[in-house]
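Per full-length UniProt numbering, the sequence shown runs over residues 1 to 706.
All residues carry an ideal CB built from backbone N, CA and C; glycine is no exception.
Okay, so here's the structure we're looking at.
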Amino acid sequence: MSTHLTPSPPGGIKPPPFVPSPFPSSSTSPLSTTSSSSPGERWVPVLSCKCYFGLSEFLSTLKTISLHPERNSSLILRADTLPPPPSQSPNQRSNNLKNINLSDGLEAELQLDLVDELKVKLLPRQPRRDNSVNQTISFYRTNEQGHSYQAQTTKGKEKEVEVDQDKGKREMGLVIIQPEVKDQNDIPYYHPKVQKLAYIWESLPQTVNSKSEKGDDEDKEMIGEGSEMKVEEHEVKGIISIHYLPFDGPSSKPAQDNIVNGLNDMSINGNLPSSLLPSPRPTKPRKRSPLAGPSIDKSQFVEPVRPPATILIEAEGVNSPTTQKTGTIRTPTPEGKERLYRTCLALLETLHKHGYGQLVGYQKRRVHDLIVPRDNFQDLYLTLKDRHRSLDSRAPRSDGLVTKLEDVKRHVWKGIPLPNDPSLPTTQVDLSEWGEQDIAIAAFLMLLWKDMYPPISSRGPDGLGIQEEEREWDTWGRPENGFIDLGCGNGLLVHILISEGYHGKGFELRSRRTWPTYPIKTQEALVELPIDPPSWFPDSIEEWESGMWSGEEGCIIEENTFLIGNHADELTPWIPLLSLIPSTPVPHLSLPCCFHALDSAFTVLQFTAPDHPHTPKGGFENGLEPGVSRYQSYLVWLGWVGLKCGWEWEKEGLRVPSTKGWGIVARKRWSTPSEDRECREWALEQVEQVRRTGQFKVREKEGKEH
Numbered sequence: 001m002s003t004h005l006t007p008s009p010p011g012g013i014k015p016p017p018f019v020p021s022p023f024p025s026s027s028t029s030p031l032s033t034t035s036s037s038s039p040g041e042r043w044v045p046v047l048s049c050k051c052y053f054g055l056s057e058f059l060s061t062l063k064t065i066s067l068h069p070e071r072n073s074s075l076i077l078r079a080d081t082l083p084p085p086p087s088q089s090p091n092q093r094s095n096n097l098k099n100i101n102l103s104d105g106l107e108a109e110l111q112l113d114l115v116d117e118l119k120v121k122l123l124p125r126q127p128r129r130d131n132s133v134n135q136t137i138s139f140y141r142t143n144e145q146g147h148s149y150q151a152q153t154t155k156g157k158e159k160e161v162e163v164d165q166d167k168g169k170r171e172m173g174l175v176i177i178q179p180e181v182k183d184q185n186d187i188p189y190y191h192p193k194v195q196k197l198a199y200i201w202e203s204l205p206q207t208v209n210s211k212s213e214k215g216d217d218e219d220k221e222m223i224g225e226g227s228e229m230k231v232e233e234h235e236v237k238g239i240i241s242i243h244y245l246p247f248d249g250p251s252s253k254p255a256q257d258n259i260v261n262g263l264n265d266m267s268i269n270g271n272l273p274s275s276l277l278p279s280p281r282p283t284k285p286r287k288r289s290p291l292a293g294p295s296i297d298k299s300q301f302v303e304p305v306r307p308p309a310t311i312l313i314e315a316e317g318v319n320s321p322t323t324q325k326t327g328t329i330r331t332p333t334p335e336g337k338e339r340l341y342r343t344c345l346a347l348l349e350t351l352h353k354h355g356y357g358q359l360v361g362y363q364k365r366r367v368h369d370l371i372v373p374r375d376n377f378q379d380l381y382l383t384l385k386d387r388h389r390s391l392d393s394r395a396p397r398s399d400g401l402v403t404k405l406e407d408v409k410r411h412v413w414k415g416i417p418l419p420n421d422p423s424l425p426t427t428q429v430d431l432s433e434w435g436e437q438d439i440a441i442a443a444f445l446m447l448l449w450k451d452m453y454p455p456i457s458s459r460g461p462d463g464l465g466i467q468e469e470e471r472e473w474d475t476w477g478r479p480e481n482g483f484i485d486l487g488c489g490n491g492l493l494v495h496i497l498i499s500e501g502y503h504g505k506g507f508e509l510r511s512r513r514t515w516p517t518y519p520i521k522t523q524e525a526l527v528e529l530p531i532d533p534p535s536w537f538p539d540s541i542e543e544w545e546s547g548m549w550s551g552e553e554g555c556i557i558e559e560n561t562f563l564i565g566n567h568a569d570e571l572t573p574w575i576p577l578l579s580l581i582p583s584t585p586v587p588h589l590s591l592p593c594c595f596h597a598l599d600s601a602f603t604v605l606q607f608t609a610p611d612h613p614h615t616p617k618g619g620f621e622n623g624l625e626p627g628v629s630r631y632q633s634y635l636v637w638l639g640w641v642g643l644k645c646g647w648e649w650e651k652e653g654l655r656v657p658s659t660k661g662w663g664i665v666a667r668k669r670w671s672t673p674s675e676d677r678e679c680r681e682w683a684l685e686q687v688e689q690v691r692r693t694g695q696f697k698v699r700e701k702e703g704k705e706h
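Below, the structure is given as structure tokens:
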């Protein structure tokens, strides 16, 4: 059976249905080892399912997932690769893997060879709550020649079966993950509480004329009509399964009984050993901050009791892979007893999905870390997040006798409810639960500037004669005359950068109620100013080159600065043009959100950039999400405007909690100083057109409170 796949665009792949099958209670794992002198290891088989990828994809997919464990859990930040384990010959490691009983009842003398080994350190996303843990991941497979096998009769007598040599080769892959801990108490919350975890890939047993029409029909049925891949025929390549080696409980006999019973531990009628249950998450008391908002006293409410969770189990005499079609029973399970089962289910589903994606050449919709390395960003982000965990973008607003909490920051991430904190102004907000966007942008800017500008000497006392704390980034490069944040909103990004030793200004149409709550240095950096970009430009190119014109004195764009447009709304398309005002164009970072042209709304659904000698290879769309959308069209248009202003097209999918998380980075110029005149002439044409129409209006202050 051959499989023909038509490649889909990035992110456009839908894998075949994931149909897991729990192992029967009487099953034993092929990894279990016993002898008369030692009980050995009693592994517990959990789930298996058909897969549509081969052994090589199985091994490479699990290696990728091991290097990127954040794909398995949102509680994991990343994995750092550690030096390899102490040298040991492959034969020594594979001696314990002989005489494996395959799960289909056939017997084979399989020699698994160690082909790779990794050692990684899992870093938690919340280091103040969870600990890191080291893992050793070992990859095994049968040798390339494969192994033939013999079938058994129902009476237990071996029967020779003539097998085609090409079809009779038996293949098997094994990946064992072992956390390096002393006991189960060292296992962090995000990791299953097991000694070892194993994935097995087995080729399908094939005898003479083993293919059946029924099997082919089942394969076709599992593809699903809604798959975005055009599949002429789909071939089941093998069976994948997941197993674990439990810890011994505090009482040896009950724990041993649970291990011997295998899946009885996971049964709806049984109870998981307490050693396999997760420890409760530690809670830390919240400190106080002058920037925290009031909230409701949580003690007045009682948390509602959730209904018991349910899992799918195998009905006696019913094959579970067909689930609902064959009447699989749904039975309630006491809450908290099925966590390990659900974890294994999720892990196996991830392998099923990613293995198929690797087979068909899946590409991510958005590629991160093209400009700033991931590890550097994440480390700095966590540091800043901890340093500024007391910040809040909310401010109190009193309407009569009722005190309301109003968010005064535009475009605040509301994916998770803001935390409640009593008694303003004396409580601290944990920034881990909200508002990571400004912290992430600050971290990105600091690392971007470090790469763009030369290092500086360490700073002395500030203007008040106070010696500030020493920080790692005190000598990092930064714009000589500071940053300019256009449309800074509540000033949170400005405050973070000022607090970390950077200097600059934030400009906004009206002051916000959060501004007076910041320290004096931040308050001095926040400026209330109606921004009128057309008035800052000269009337002719000659005036521009002379450096003197009527609107030049009121212009806030200075030499050797760095422009920031963080959701700057109608100012966003003006930023590339404003960057040309100084004699040497200044770089900038723009995070577009709302769709604005220079003097009107941007309404083009699919913008096609005109030809240009410096159009990026693959076009502006290369690397953006596939499909047609106004957001993508807006990004392409902004990239073309930047190109006309002399900036090379660079973009970065920022790691911020936003669906519009693309950042346009202008740091490299394709134009030479002599070609800058042409760029400025084009910019003046756009400005003159806006002036003629008179459509650009400076915003007026809104509301009674400013």
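The beta carbon of Leu245 is closer than 7 angstroms to those of Glu41, Trp43, Val194, Gln195, Lys196 in its chain, skipping five residues each way along the sequence. Annotated as distal: Leu59 and Arg170, with beta-carbon spacing of 8 angstroms or more.
In the structure shown, Phe444 falls within a helical segment according to DSSP collapsed to helix, strand and coil. Pairing Pro576 with Val641 gives a Cβ-Cβ distance under 8 angstroms. Here the C-alpha atom of Leu384 lies approximately 22 angstroms from the C-alpha atom of His588. Of Gly477, Ser499, Phe483, the smallest CA-CA separation from Glu469 is found for Ser499. For Ala198, the beta-bridge partners assigned by DSSP are Ile176, His243.
By the Cβ neighbour-count rule, Gly489 is buried, with 16 or more other Cβ atoms within 10 Å of its own. Classified as buried, Val133 has 16 or more neighbouring CB atoms from the shown chains inside 10 Å of its CB. For Thr136, the beta-bridge partners assigned by DSSP are Lys119, Gln178. Here the alpha carbon of Asp474 sits roughly 31 angstroms from the alpha carbon of Pro83. Residue pairing of Ser203 in beta bridges, as defined by DSSP: Gly238. Fully contained in the segment 616–654 are the following beta strand (DSSP E) runs of length 3 or more, in chain order: 651–653. Remark: C-beta atoms of Tyr52 and Tyr362 do not approach each other more closely than 8 angstroms. The continuous beta strand (DSSP E) containing Ala79 extends over residues 76–81. Ranked by Cα distance from Phe23, the first of Cys49, Val372, Thr33 is Cys49. As the crow flies, the alpha-carbon of Ser25 is around 31 angstroms from that of Ser56. For Ile664 against Lys651, the beta-carbon gap comes to about 6 angstroms, under 8 angstroms, which counts as contact.
Between Ala443 and Trp637, the alpha-carbon positions lie close to 27 angstroms from each other. In this structure, Asp451 sits away from Ile564, with a CB-CB distance that is not shorter than 8 angstroms. A Cβ-Cβ contact shorter than 8 angstroms links Arg125 with Ile76. Per DSSP, the beta bridge partners of Ser590 are Gly565, Ile664.
Assignment of beta-bridge partners to Ser48 by DSSP yields Ser21, Ser241. In the DSSP assignment, Arg141 forms a beta bridge with Asp113, Gly173.
Here the C-alpha atom of Arg512 lies approximately 11 angstroms from the C-alpha atom of Val527.
According to the DSSP secondary-structure assignment, Glu41 is paired through a beta bridge with Thr33.
Listed as beta-bridge partners of Lys505 by DSSP are Ile484. In terms of Cβ geometry, Leu351 and Thr61 form a close pair [threshold 8 angstroms]. By DSSP's assignment, His596 forms a beta bridge with Ala601. Under DSSP, Pro124 shares a beta bridge with Ile76. Going by beta carbons, Ile557 and Leu684 fall outside the 8 angstroms limit. The C-beta separation of Tyr634 from Phe602 comes to about 5 angstroms, placing the pair in contact by the 8 angstroms criterion. Between the C-alpha atoms of Asn376 and Leu112 there is a straight-line separation of about 39 angstroms. Taking all protein chains in view, the Cβ of Ala525 is crowded by 16 or more other Cβ atoms within 10 Å, so the residue is classified as buried. For Glu480, the closest alpha carbon among the candidates Tyr453, Leu571, Ile371 is that of Tyr453.
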